[in-house]
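Inspection log for the structure reproduced underneath, given as structure tokens.
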Amino acid sequence: TTSSFGGGSGSEIKSCRWFTLQNLFGGIRTAVKLKVTHTSSGNDNADPPFGSGNSNRFQLQYSINGGSNWTDIVDRQNFESSEGPTTSEVSLSLTQDLTQVQVRDIIRVDSNLSADSVSCTATISDIKIEVTVPDPSLLD
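Read in order, the letters of the sequence shown are residues 7 to 146 in our numbering.
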């Protein structure tokens, strides 16, 4: 779980990163999927919300090359609602080295007035790689 809160004028960024996923299967693959279950919620007490430069942002990203490059799975900005739990799914290459797959979240809040508070909270509750293999009876 990662949460971030800005009260007064300023910014805050928090992040979590998950890595060292295991490459458990070396045989024939018919599908490889990264699945991440997450929730997120946010708030801005300004009137109107997200006026005066206030903002919140939740990003959920994955990397297939050990963290050198990142791709968004989720990118929520300036939100006051809750979302989830939701399972986001990404198809990976059949030849993907699973030890190179990483997941991270990034939460950012910006508050520009001393009386304002902005919040953003996210929970990552499950990360898994699902590998589908052919039915052995079809290989004969």
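Note that beta-carbon positions come from the ideal geometry of N, C-alpha and C, so glycine has one too.
Within its own chain, the residues whose Cβ lies closer than 8 Å to the Cβ of residue 86, once the five positions on either side in sequence are excluded, are 48, 49, 50 and 55, listed in chain order. By the Cβ-count criterion, residue 25 is exposed, with fewer than 16 other Cβ atoms from all chains shown falling within 10 Å of its own Cβ. Between residue 100 and residue 38, the CB-CB gap stays under 8 Å.
Rounded to the nearest whole angstrom, the CA to CA distance from residue 98 to residue 17 is 35 Å.
Here the C-alpha atom of residue 36 lies approximately 5 Å from the C-alpha atom of residue 139. Under the three-state reduction of DSSP, residue 140 is assigned to coil, being neither helix nor strand. Note that the C-beta distance between residue 82 and residue 63 is below 8 Å. The C-alpha of residue 73 lies about 21 Å from the C-alpha of residue 131.
Contact check for residue 42 and residue 94: beta-carbon distance about 5 Å, within the 8 Å limit, so the pair qualifies.
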